[in-house]
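S.K.: Take this structure first; my questions come after.
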Amino acid sequence: MVDAQRPKAGIFGSHTEETWVWLGNELFDESGEVIADVRSDVLYVDRERLLIESTPGTMRFRCRATLSGGEVYTMTQSSFTVGDLTAVCGRRTYSLKRVSPWRKERLITNNGVEVARLRPMTSGKVEFIVGTAGSEALPFVDAVFLSWACVLVDSAVRRPKI
3 MVDAQRPKAG
13 IFGSHTEETW
23 VWLGNELFDE
33 SGEVIADVRS
43 DVLYVDRERL
53 LIESTPGTMR
63 FRCRATLSGG
73 EVYTMTQSSF
83 TVGDLTAVCG
93 RRTYSLKRVS
103 PWRKERLITN
113 NGVEVARLRP
123 MTSGKVEFIV
133 GTAGSEALPF
143 VDAVFLSWAC
153 VLVDSAVRRP
163 KI
């Protein structure tokens, strides 16, 4: 699990891209270290626990996370389909739009600035490319929540093992 003394990932240091990968219920960084995991609908990341509630469906998607301190993160559909999602993490708002109607890859923006990309694979693995903006644009816990919520809606494996 992530330690506070651990060197900061790409989005927290220099602006270099880094690819994280969700495999099942574990999120790995480029070095292969587990930086977050999900067990029994609880997302464990950076000494924080997020209780995850989601309503998957073909017509509506909604995901809500309650942090240990009571702060609430949400992700909801912005349109008729799940191609356009909006997330609110504290006071920060993100837009998560698919780059094409035929692909599940998403571009994640904060105030019009690209902060990450998410690329689900047919194998069930989900790549999360971060590092295009500074930590103020995409804090670590926000990044992990956004990526997990996208796994729930976009992954080829419909219900990851929890």
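Going by the working numbering, the sequence shown opens with residue 3, and the numbers climb by one from there. Just so it is clear, CB atoms sit at the ideal spot from N, CA and C, and this is done for glycine as well.
(1) By a C-beta neighbour count over all protein chains shown, 10 Å radius and 16 as the cutoff for buried, is R108 buried or exposed?
(2) Look at the Cβ atom of A139, then the Cβ atom of V115, and state whether they are nearer than 8 Å.
(3) Could you check where the beta strand (DSSP E) with W24 kicks off and where it finishes?
(4) Taking Cβ to Cβ, would you say K99 is nearer than 8 Å to D86?
(5) Flag this pair as touching only if the segment 118 to 126 and the segment 67 to 78 have three or more C-beta atom pairs under 8 Å; answer yes or no.
(6) In or out: N112 buried (at least 16 other Cβ within 10 Å) or exposed?
M.R.: Here's the rundown:
(1) By one-based count along the sequence shown, residue 108 stands at place 106. R108 comes out buried.
(2) By 1-based counting over the sequence shown, the position of residue 139 is 137. By 1-based counting over the sequence shown, the position of residue 115 is 113. Going by C-beta atoms, A139 is nearer than 8 Å to V115.
(3) Looking up residue 24 in the sequence shown gives position 22. Here the beta strand (DSSP E) through W24 covers E20 to L25.
(4) Here residue 99 corresponds to residue number 97 of the sequence shown, with the count starting at 1. Here residue 86 corresponds to residue number 84 of the sequence shown, with the count starting at 1. Closer than 8 Å, so yes.
(5) no
(6) Counting from 1 along the sequence shown, the entry for residue 112 is found at position 110. Result: buried.
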